[in-house]
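J.: Letter by letter, the sequence shown follows residues 1 to 364 in the numbering used here. Glycine included, each C-beta is placed from N, C-alpha and C at the ideal position.
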Amino acid sequence: MRALRYHGPRDLRLDDVPEPGVRPGTVKIQVGAAGICGSDIHEYVGGPISVPMSSPHPLTGETAPVVFGHELAGTVTEIGPGVTRVDVGDRVAVNAALSCGRCDSCARGWTNVCRSIGFHGVTGGGGGFAAFDVVPESNLHLLPDEISDEVGALLEPLATGFHAVDLSGARQGDGVLVLGAGPVGLMVVLACVTAGIENIVVAEPSATRRSLAAAFGATRCLDPRTESVVDVTHHETRGTGAAAAFDAAAAPTSLADAVASTRPRGTIVNIAAWEKPTPFDPTTLLFRETLLRGSLAYTAGDFDRGVAFAADHAATLERLITRVIGLDDVITEGFDRLAFARHDDIKVLVRPGAASSAASTAAG
Numbered sequence: 001m002r003a004l005r006y007h008g009p010r011d012l013r014l015d016d017v018p019e020p021g022v023r024p025g026t027v028k029i030q031v032g033a034a035g036i037c038g039s040d041i042h043e044y045v046g047g048p049i050s051v052p053m054s055s056p057h058p059l060t061g062e063t064a065p066v067v068f069g070h071e072l073a074g075t076v077t078e079i080g081p082g083v084t085r086v087d088v089g090d091r092v093a094v095n096a097a098l099s100c101g102r103c104d105s106c107a108r109g110w111t112n113v114c115r116s117i118g119f120h121g122v123t124g125g126g127g128g129f130a131a132f133d134v135v136p137e138s139n140l141h142l143l144p145d146e147i148s149d150e151v152g153a154l155l156e157p158l159a160t161g162f163h164a165v166d167l168s169g170a171r172q173g174d175g176v177l178v179l180g181a182g183p184v185g186l187m188v189v190l191a192c193v194t195a196g197i198e199n200i201v202v203a204e205p206s207a208t209r210r211s212l213a214a215a216f217g218a219t220r221c222l223d224p225r226t227e228s229v230v231d232v233t234h235h236e237t238r239g240t241g242a243a244a245a246f247d248a249a250a251a252p253t254s255l256a257d258a259v260a261s262t263r264p265r266g267t268i269v270n271i272a273a274w275e276k277p278t279p280f281d282p283t284t285l286l287f288r289e290t291l292l293r294g295s296l297a298y299t300a301g302d303f304d305r306g307v308a309f310a311a312d313h314a315a316t317l318e319r320l321i322t323r324v325i326g327l328d329d330v331i332t333e334g335f336d337r338l339a340f341a342r343h344d345d346i347k348v349l350v351r352p353g354a355a356s357s358a359a360s361t362a363a364g
């Protein structure tokens with residue numbers, strides 16, 4: 001079968017690879033849809049960040065080239081020995097986070113910050129940009145009929161949004177700032193609304209993304225190229241500043257804007273994968289005791305919350321999907337366009353079994 005594999009920075013190839021077979025505890029999936037993530041673009045343009053290049057990843061044992069694609073959903077076609085929770089014909093979404101189950105973090109339930117953390121479709125083990133994939137049963141979440149494969153492929157970034165909002169400590173009555181309204185930033189908006197947060201400022205250059213952020217519940221959307229993020233945030237929070245700021249942009253000024261926009265003892269949550277180090281003055285945290293923390297992916301519980309949310313709000317999530325393409329077009333119409341050409345997309349999905357470029361469509 002053909003699969004999109006990462007060979008190195010700016011080197012993606014559609015390779016012919018053997019169709020994967022099941023092993024004990026694993027499940028074979030016919031991939032229905034797989035999403036191109038912002039972190040995939042960062043790996044492509046500025047990586048490697050997480051892809052193992054010279055030393056095998058401790059959980060997968062693989063180095064590049066690795067099959068790409070960590071946001072995926074599909075149908076079970078075969079189960080391996082010892083699998084009991086899913087069966088052939090079930091529809092599932094993949095929780096891509098891989099953990100060892102033995103380190104201190106795993107013992108505490110912090111599997112997303114496992115000492116050996118890896119991601120299916122990034123650090124080896126298979127991936128969604130192929131017709132078939134084999135995944136550990138423990139990484140699968142059953143999908144109800146209300147959730148299509150396309151929406152199922154959005155659950156990974158949705159779970160990321162829920163996890164980030166939980167870490168922020170923001171709650172009902174607080175004001176928050178979201179920097180960047182790509183898929184993860186928009187999922188943060190949805191997670192904030194779900195948490196009862198009613199004052200949400202979003203900074204995003206794209207008018208299309210600002211419009212969707214407003215539709216999702218953001219109360220003020222601004223273009224950071226023409227308006228001051230700091231001034232608007234303080235105005236919208238009546239001068240107190242945001243209780244939490246979420247950096248989903250990794251823009252040159254986004255971290256500094258986040259610090260200056262938060263209230264004393266506010267929290268800044270970095271969700272973005274930065275391609276290179278950015279200048280930062282830690283003294284800016286000092287005088288207001290600002291908390292700066294990272295948020296990586298999600299736990300299985302976050303993913304379950306995403307499934308429950310999507311079952312009730314599938315039509316809302318479908319609005320993120322701007323194009324659906326076939327595997328033939330994943331490099332030119334997917335990665336290259338997202339990285340180097342137009343920036344009018346929100347979420348591009350790949351149907352590995354779809355026909356070629358003529359079949360590219362916009363969803364919704």
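1. Is the CB-CB distance between Trp274 and Ala297 below 8 Å?
2. Looking only at its own chain, which residues have a Cβ that is under 8 Å from the Cβ of Arg225, when we skip the five neighbours before and after it?
3. Give me the Cα-Cα distance between Ala243 and Thr299, rounded to the nearest whole angstrom.
4. How many Å lie between Ala215 and Ile200 at the Cα?
5. By Cβ distance, which residues of its chain are closer than 7 Å to Ala358, with the 5 residues on each side in sequence left out?
6. Helix, strand or coil: which one does DSSP assign to Ile346?
7. With which residues is Gly136 paired in a DSSP beta bridge?
8. Out of Gly47, Thr111 and Cys37, which has the shortest C-alpha to C-alpha gap to Gly185?
9. Cβ atoms of Ser99 and Ile117: under 8 Å apart, would you say?
10. Considering only the beta carbon of each residue, do Pro65 and His7 sit closer than 8 Å?
11. Inspect the beta-carbon positions of Val188 and Ala248 and report whether they are closer than 8 Å.
12. Would you mind giving the Cβ-Cβ distance between His120 and His163, rounded to the nearest angstrom? I have them listed as a contact below 8 Å.
13. Just the Cα atoms here: how many angstroms apart are Asp87 and His141?
14. Applying the criterion that 16 or more other CB atoms from any shown protein chain within 10 Å of the CB defines a buried residue, is Arg13 buried or exposed?
15. For Gly364, count neighbouring Cβ atoms within 10 angstroms of its own Cβ and tell me buried if that reaches 16, exposed if not.
16. Since Asp11 sits in a beta bridge, which residues does DSSP pair it with?
17. So within the segment 278-357, which uninterrupted beta strand (DSSP E) runs reach at least 3 residues, ignoring any that extend past its ends?
18. If we ignore side chains and look at the alpha-carbon of each, how far apart do Ser360 and Ile325 end up?
19. Can you tell me the Cβ-Cβ gap for Ser148 and Phe246, rounded? I've got them flagged as a contact below 8 Å.
T.: With the structure as the only source:
1. As a working note, residue 274 is residue 274 in the sequence shown. As a working note, residue 297 is residue 297 in the sequence shown. No, the pair does not count as a contact, with Cβ atoms beyond the cut-off.
2. Residue mapping note: residue 225 aligns to position 225 of the sequence shown, counting from 1. Contacts found: Pro205.
3. Residue 243 sits at position 243 when you count from the first residue of the sequence shown. Residue 299 sits at position 299 when you count from the first residue of the sequence shown. When the Cα atoms are used, Ala243 and Thr299 turn out to be separated by approximately 24 Å.
4. Here residue 215 is taken as the residue at index 215 of the sequence shown, counted from 1. Here residue 200 is taken as the residue at index 200 of the sequence shown, counted from 1. Roughly 12 Å separates the two Cα atoms.
5. Locating residue 358 in the sequence shown gives position 358, counting from the first residue. Because Ala358 carries a pLDDT of 37, less than 50, the predicted location of this residue cannot be relied on, and the following value inherits that uncertainty. So the list is empty, once near-sequence residues are dropped.
6. Taking the sequence shown and counting its residues from 1, one reaches residue 346 at position 346. DSSP places Ile346 in coil when its eight states are reduced to three.
7. Position 136 of the sequence shown holds residue 136. Per the sequence shown, the amino acid found at residue 136 is Pro instead of Gly. Its beta-bridge partners are Thr26.
8. On the sequence shown, residue 185 is found 185 positions in, with the first residue counted as 1. Minimum Cα distance to Gly185 is reached at Cys37.
9. Position 117 of the sequence shown, counted from the first residue, corresponds to residue 117. Position 99 of the sequence shown, counted from the first residue, corresponds to residue 99. Closer than 8 Å, so yes.
10. Here residue 65 refers to the residue found at position 65 of the sequence shown. Here residue 7 refers to the residue found at position 7 of the sequence shown. In this structure, His7 lies closer than 8 Å to Pro65 by Cβ.
11. For the purposes of this step, residue 188 is taken as residue 188 along the sequence shown, with counting starting at 1. For the purposes of this step, residue 248 is taken as residue 248 along the sequence shown, with counting starting at 1. Yes, the pair counts as a contact, with Cβ atoms nearer than the cut-off.
12. Sequence index remark: in the sequence shown, residue 120 carries index 120 (1-based). Sequence index remark: in the sequence shown, residue 163 carries index 163 (1-based). About 17 Å separates the Cβ atoms of His120 and His163, ruling out a contact at the 8 Å cut-off.
13. One-based indexing of the sequence shown puts residue 87 at position 87. One-based indexing of the sequence shown puts residue 141 at position 141. Cα-Cα distance, rounded: 12 Å.
14. Counting from 1 along the sequence shown, the entry for residue 13 is found at position 13. Arg13 should be labelled exposed.
15. Residue mapping note: residue 364 aligns to position 364 of the sequence shown, counting from 1. With a pLDDT of 38 at Gly364, under the threshold of 50, the predicted position of this residue should be treated as unreliable, though the coordinate-derived value follows. With fewer than 16 other CB atoms across the displayed protein chains lying within 10 angstroms of its CB, Gly364 is exposed.
16. Sequence index remark: in the sequence shown, residue 11 carries index 11 (1-based). Gly8.
17. 291-294, 321-326 and 347-351
18. On the sequence shown, residue 360 is found 360 positions in, with the first residue counted as 1. On the sequence shown, residue 325 is found 325 positions in, with the first residue counted as 1. Because Ser360 sits at a pLDDT of 47, beneath the cut-off of 50, its placement in the model cannot be relied upon, and the following sentence gives the value as read from the coordinates. Rounded to whole angstroms, Ser360 to Ile325 spans 5 Å at the Cα level.
19. As a position in the sequence shown, residue 148 is number 148, starting the count at 1. As a position in the sequence shown, residue 246 is number 246, starting the count at 1. The pair is not a contact, with the Cβ atoms about 27 Å apart (cut-off 8 Å).
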